[in-house]
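Structure first, then comments.
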Amino acid sequence: MAPSARTVLPTDLVALVSYDGRVYSNEAMTRDRIGTNDSPHPLGTAIDQWFSFATGRHTSISVQGSTLRGLVSARKRGSRLAWEIDCLIHAAEGENGVLLALLDQLTRAAGKSGALRIFVRLPAASDTRDVVMRCGFAPYQNEVTYSRQLSDEPHTAAEGLRRRAKSDLYGLFRLYNAIVPHNVRTAEAMTFAEWVAAQESLGKTAQYVVERDGAVRGWLRVARDGDIARFDLLAEPDEIEPLIESALAKAAGSRGVYTIVPAHDTALRGRLESLGFTEGDEYTVMARRTVRFVKTPRAVSVLAHTPG
905 MAPSARTVLP TDLVALVSYD GRVYSNEAMT RDRIGTNDSP HPLGTAIDQW FSFATGRHTS
965 ISVQGSTLRG LVSARKRGSR LAWEIDCLIH AAEGENGVLL ALLDQLTRAA GKSGALRIFV
1025 RLPAASDTRD VVMRCGFAPY QNEVTYSRQL SDEPHTAAEG LRRRAKSDLY GLFRLYNAIV
1085 PHNVRTAEAM TFAEWVAAQE SLGKTAQYVV ERDGAVRGWL RVARDGDIAR FDLLAEPDEI
1145 EPLIESALAK AAGSRGVYTI VPAHDTALRG RLESLGFTEG DEYTVMARRT VRFVKTPRAV
1205 SVLAHTPG
């Protein structure tokens, strides 16, 4: 029986649990999983699919008999205009067509739902990258994780740091346009609506900004996840170190703190290293535009009437 790509059914529980006697890793990394060794189990992904009214996740699976061949799951990012792949399992070794079919099916579903882009973050050394690129995903940014253990050493929040307000959104978009390279913005978000849609989740997040002379100069997001904390930031050069210190202050009481930053941002990486952060895994972020389903006018025959 040939493998087929389709949505998940309750009868796929056998394939999801058995793994054909092997455990295949989830190669997709999302920002809200940085720093944890736990990846979404396909069984949980399948259950989420059955309750999609609550999770908004779309899952496609390929099985042969009772053997898992591949699984791709995606969820929306900041809005329905952007999806991200949060689970990618390529179990059909040497059969790249299985993954290509799953990604094509996902892209069609995203386009039909109104999404403009699909994102995926894969390990930089992953062999699966080449297969994903064959399906139209283009790499646009490498990222590096950083972490450090926390002690009782006190840290001070930046002067003028305050909670982010809804009215700060356009100021943050201007900051994004001023700091992020053009090639990244072209792949990620060129308009305000696309930028809102492309925002990634950190988990249960607290957001802060630094505003000076009427303009937003820095943006910090901090999230706690059990005994660890995650943060990310976007800031002008002079605000980078104060915001890292702010993140450490907000993460007080956690065992460790994690972040992921663009590999090309040498200023941010240098500041992290000077404050005791250690470089970790490297990832590649990729994006693909979706196929938009548009209703086209249908030609209708008209009988011409000539006056007699």
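In this note's numbering, the protein residues as written are 905 to 1212. We treat Cβ as the ideally placed atom computed from N, Cα and C, and that holds for glycine.
The beta strand (DSSP E) spanning residue i covers which residue range?
i, result
"Q1111", "T1109 to R1116"
"H994", "A986 to H994"
Among the candidates the options, whose CA atom is the shortest distance from the CA of residue i?
i, options, result
"D1008", "A978, Y1074, S1158 and P1085", "A978"
"P1141", "S1051, A1082, S1158 and S1030", "A1082"
"Y1074", "D1034, G1118 and L1152", "G1118"
"V1126", "D1169, S1071 and Y1162", "Y1162"
"V1036", "A1062, D1072, F1077 and L992", "L992"
"D1031", "H994, V1002 and S1158", "H994"
"W1099", "R1116, A986 and N1000", "A986"
"G1152", "L1054, G1122 and R1192", "Per the sequence shown, the amino acid found at residue 1152 is Leu instead of Gly. The option with the nearest alpha carbon to L1152 is L1054."
"S964", "A1013, N1000 and N930", "A1013"
"V976", "S929, E1145, G998 and E1057", "S929"
"R1052", "P1043, R937, R1134 and D936", "R1134"
"S1158", "A1101, R981 and P1058", "P1058"
"A1062", "T940, A1191 and I1148", "I1148"
"Y1080", "E1186, M1094, G1130 and H962", "M1094"
"L1076", "C1039, V1114 and D1056", "V1114"
"M1190", "I938, A1005, G1015 and I1022", "I1022"
"N1000", "R973, D1129 and E1145", "R973"
"V1165", "R1128, I1144 and S1150", "I1144"
"L1137", "G1122, S983 and G1018", "G1122"
"R1116", "G1130, F1096, R1066 and I938", "R1066"
"F1041", "L1003, D1185, F1096 and I938", "L1003"
"S1017", "R1033, R1128, T940 and S983", "S983"
"S966", "L1010, L1020, F1096 and R935", "L1010"
"A1139", "V1084, G1184, A1101 and E997", "V1084"
"T1194", "Y1044, E1104, G1015 and K1070", "G1015"
"D1129", "M933, I938 and A932", "I938"
"A1019", "C1039, G1064 and A1102", "A1102"
"A1167", "K1154, C1039 and Y1187", "Y1187"
"G998", "G1160, R935, D1034 and R981", "D1034"
"A1156", "D1169, D1131 and P1146", "D1131"
May I ask which residues mark the beginning and end of the alpha helix (DSSP H) holding residue i?
i, result
"A1013", "N1000 to S1017"
Taking DSSP's pairing of strands, which residues face residue i in a bridge?
i, result
"M1190", "V1024 and P1043"
"G982", "G982 is not bridged to any residue."
"T963", "S977"
The ligand SAH heavy atoms versus the CB of residue i: any closer than 7 Å?
i, result
"V1048", "The ligand SAH is absent from the structure shown, which contains no ligands of any kind."
Ordered list of beta strand (DSSP E) runs contained in the stretch 1019 to 1107, each at least 3 residues:
1021 to 1027, 1042 to 1053 and 1065 to 1067
Fully enclosed by the stretch 1114 to 1184, which beta strand (DSSP E) runs are 3 residues long or longer?
1119 to 1129, 1132 to 1139 and 1160 to 1166
Pairing CB atoms from the stretch 1172 to 1182 with CB atoms from the stretch 1087 to 1100, are three or more of them under 8 Å?
Judged by Cβ distances under 8 Å, the stretch 1172 to 1182 makes no contact with the stretch 1087 to 1100, as fewer than three pairs qualify.
At least three beta-carbon pairs within less than 8 Å, the stretch 1168 to 1176 to the stretch 1043 to 1057
yes
Decide if the stretch 1100 to 1115 is in contact with the stretch 1026 to 1035; the criterion is three or more beta carbon pairs, one per stretch, under 8 Å apart.
no
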